[in-house]
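Quick note: to get our numbering, add 33 to the position in the sequence shown (first position is 1).
Structure, as structure tokens:
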Amino acid sequence: MAAYASRSITLSQPPLLSFGPGCAAGCPDELTKHGLRRVLLLTTASVAPLAKPLVEGLVAHGIVVTTITEVPAEPGIKDFERILLEARKFIPDGVVGFGDGNVLDIAKLVAALHDRAEPVQNFFGVGLLPKRRTFLVCLPTTAGTGSEVSPNAFLLDETELLKKSVNSPWLVPDAAFVDPLFTLSVPPAITAATGLDALVHCIEAYANRFAHPMVDVYALEGIRLISSNLLQAVNNGIDVPARTAVALGSLYGGMCHGAVNTGAVHALAYPLASEFQIAQELSNALILSPVLRFNLSAAPERYAQIARALGVKRLESDLATAEAGIAKLEELCDACGIRRNLATYDIPESAIPRLAAAAMKATRLLKNNPRDVTLVDAETLYSQAFLA
Ligand SMILES: [Fe+2]
Numbered sequence: 034m035a036a037y038a039s040r041s042i043t044l045s046q047p048p049l050l051s052f053g054p055g056c057a058a059g060c061p062d063e064l065t066k067h068g069l070r071r072v073l074l075l076t077t078a079s080v081a082p083l084a085k086p087l088v089e090g091l092v093a094h095g096i097v098v099t100t101i102t103e104v105p106a107e108p109g110i111k112d113f114e115r116i117l118l119e120a121r122k123f124i125p126d127g128v129v130g131f132g133d134g135n136v137l138d139i140a141k142l143v144a145a146l147h148d149r150a151e152p153v154q155n156f157f158g159v160g161l162l163p164k165r166r167t168f169l170v171c172l173p174t175t176a177g178t179g180s181e182v183s184p185n186a187f188l189l190d191e192t193e194l195l196k197k198s199v200n201s202p203w204l205v206p207d208a209a210f211v212d213p214l215f216t217l218s219v220p221p222a223i224t225a226a227t228g229l230d231a232l233v234h235c236i237e238a239y240a241n242r243f244a245h246p247m248v249d250v251y252a253l254e255g256i257r258l259i260s261s262n263l264l265q266a267v268n269n270g271i272d273v274p275a276r277t278a279v280a281l282g283s284l285y286g287g288m289c290h291g292a293v294n295t296g297a298v299h300a301l302a303y304p305l306a307s308e309f310q311i312a313q314e315l316s317n318a319l320i321l322s323p324v325l326r327f328n329l330s331a332a333p334e335r336y337a338q339i340a341r342a343l344g345v346k347r348l349e350s351d352l353a354t355a356e357a358g359i360a361k362l363e364e365l366c367d368a369c370g371i372r373r374n375l376a377t378y379d380i381p382e383s384a385i386p387r388l389a390a391a392a393m394k395a396t397r398l399l400k401n402n403p404r405d406v407t408l409v410d411a412e413t414l415y416s417q418a419f420l421a
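Below you can see the structure in the form of structure tokens.
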């Protein structure tokens with residue numbers, strides 16, 4: 034990986050990126066500045082009350098607001114099409130996503146596709162979406178997927194039981210407001226799962242075949258911020274400094290997404306989420322340590338740096354340091370109350386060949402992984418996740 038700094042890299046970020054407790058108050062002004070008159074707010078019933086000041090602010094600026102709260106967890110293509118029909122009736126000139134990563138992904142796709150005739154399936158893949166014409170703002174209420182700054186949006190293809198993604202610079206929002214105060218009421222289990230997902234984004238970006246110094250800075254700092262604050266955020270949800278640190282780490286994880294992206298942890302996690310309805314964020318934590326142990330030999334120096342960012346002291350070798358880092362991650366998962374054994378989620382071991390075959394389809398992620406993963410490797414890694 035020594036020559037990696039000589040490669041060029043392009044980062045696409047929202048033209049306006051606002052971060053900090055209370056920053057969402059600036060959102061109505063931003064939408065007004067862009068002359069918007071009809072804003073579609075996508076959210077869920079559980080967080081809609083948090084959006085009340087935002088809606089009032091928009092209305093006070095003379096903006097007509099329609100709210101859709103029916104964004105389900107782990108939305109599929111059919112869910113998206115239903116929401117798109119509602120959006121088309123309203124004809125928005127601006128779309129605001131307010132919620133978790135699922136909500137933000139749906140908002141991104143609605144903004145891009147409500148004025149196009151083609152089905153979303155036409156755009157699954159990289160760089161297939163030619164343009165977005167509708168202004169798009171994202172406000173995450175979890176920390177998180179980093180979707181507010183990423184060019185990705187995911188949908189479950191119900192027929193294939195596979196998570197598919199649209200990846201396009203046009204899905205990077207025009208503005209993102211990352212306000213950690215929205216995360217104060219997130220329950221401990223969701224705080225843990227989403228925080229670990231964000232941590233994995235940073236880890237998989239740093240130990241990645243396409244790693245780059247411009248992304249490394251975000252990745253390492255994201256690892257440090259999340260690992261040193263997540264447990265406090267889980268145990269004391271109203272701790273604003275801890276929530277703020279985790280939200281910033283999550284944002285940094287999102288910044289890693291477009292240019293470098295994730296690897297085998299996410300590739301093996303998606304089938305768990307798709308087939309067994311485990312939240313995608315949680316599914317990463319279940320397969321994390323088997324995959325990292327598998328990867329270690331391919332990039333010991335990188336995993337040693339990750340371990341250092343996790344707070345591990347340097348040991349006699351990179352490998353030893355890296356192994357201590359994985360043990361630290363396992364401790365963090367356990368302390369956050371994550372049950373890592375797949376059997377505890379009623380997943381039968383007989384599903385392993387099917388899960389492994391599905392994971393091998395995620396070639397867009399597996400190609401990033403520091404070590405090649407074969408079908409047999411994937412089966413072994415799932416087996417190990419039954420021993421945690
Ligand atoms: Fe993720």
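We treat Cβ as the ideally placed atom computed from N, Cα and C, and that holds for glycine.
Given the structure is predicted, the values throughout are model-derived calculations rather than measurements.
Under the criterion of a Cβ to heavy atom distance below 7 Å, does residue 317 qualify as lining ligand 1?
-> yes
For residue 256, collect the residues of the same chain with a Cβ closer than 8 Å to its Cβ; drop the 5 residues on either side in sequence, then sort them by chain order.
-> 232, 235, 236, 239, 282, 339, 342 and 343
For residue 387, the nearest candidate out of 373, 360 and 309 (CA to CA) | 309
Answer with buried or exposed for residue 313, where buried requires no fewer than 16 other C-beta atoms within 10 angstroms of its C-beta.
-> buried
The beta strand (DSSP E) spanning residue 190 covers which residue range?
-> 185-190
Neighbourhood of residue 360 by C-beta distance below 7 Å, restricted to the same chain and skipping five residues each side = none
Are residue 318 and residue 373 touching if we call contact CB-CB under 8 Å?
-> yes
Does the beta-carbon of residue 35 have 16 or more other beta-carbons within 10 angstroms, so that it is buried, or is it exposed?
-> For residue 35, the predicted structure reports a pLDDT of 46, less than 50, and the residue's modelled location is therefore unreliable. A value from the coordinates is still provided. Exposed, since its Cβ has fewer than 16 Cβ neighbours within 10 Å.
C-alpha gap between residue 175 and residue 209, whole angstroms = 13 Å
Can you list, in chain order, the residues of its chain whose CB lies under 6 Å from that of residue 328, leaving out five sequence neighbours each side?
-> 403 and 404
State the DSSP-derived secondary structure class of residue 350, mapped to helix, strand or coil.
-> coil
Contact the region 182-197 vs the region 215-226: 3+ CB pairs below 8 Å | no
So what's residue 308 in DSSP terms, helix, strand or just coil?
-> helix
Quick one: does the C-beta of residue 100 sit closer than 7 Å to a heavy atom of ligand 1?
-> no
May I ask you to verify whether the region 51-65 touches the region 286-305, counting CB pairs closer than 8 Å and requiring at least 3?
-> no
With residue 340 as the anchor, note down where its alpha helix (DSSP H) starts and where it stops.
-> 333-342
Just to check, is the beta-carbon of residue 233 closer than 7 Å to a non-hydrogen atom of ligand 1?
-> yes
Where does residue 160 land, buried or exposed, given buried means 16+ other C-beta within 10 angstroms?
-> exposed
So, is residue 141 buried or exposed, given that buried needs 16 or more other C-beta atoms within 10 angstroms?
-> buried
Residue from 84, 125, 186 and 224 whose Cα sits closest to the Cα of residue 177 = 224
Can you list the alpha helix (DSSP H) stretches of 4 or more residues lying completely in the region 237-268, in chain order?
-> 246-268
Start-end ranges of the beta strand (DSSP E) lying completely within the region 121-158, minimum 3 residues = 127-132
For residue 123, which option in 94, 89, 74 and 85 has the closest C-alpha, if you only look at C-alpha atoms?
-> 74
If you check the beta carbons only, do residue 287 and residue 201 fall under 8 Å apart?
-> no
With residue 198 as the anchor, note down where its beta strand (DSSP E) starts and where it stops.
-> 195-200
Mind the definition here: the region 297-307 touches the region 266-286 only if three or more C-beta pairs lie below 8 Å; say whether that holds.
-> no
Per-residue DSSP class, three states only, for residue 113 | helix
State the DSSP-derived secondary structure class of residue 51, mapped to helix, strand or coil.
-> strand
Give the secondary structure of residue 35 by DSSP, where H, G and I count as helix, E and B as strand, and everything else as coil.
-> Since pLDDT at residue 35 reaches only 46, below the 50 mark, its modelled position is unreliable, and the value read off the structure follows with that caveat. Residue 35: helix per DSSP, three-state reduction.
According to the Cβ coordinates, are residue 129 and residue 170 closer than 8 Å?
-> yes
Residue range of the alpha helix (DSSP H) that includes residue 56 = Where residue 56 is concerned, there is no enclosing alpha helix (DSSP H), given that its DSSP letter is neither H nor E.
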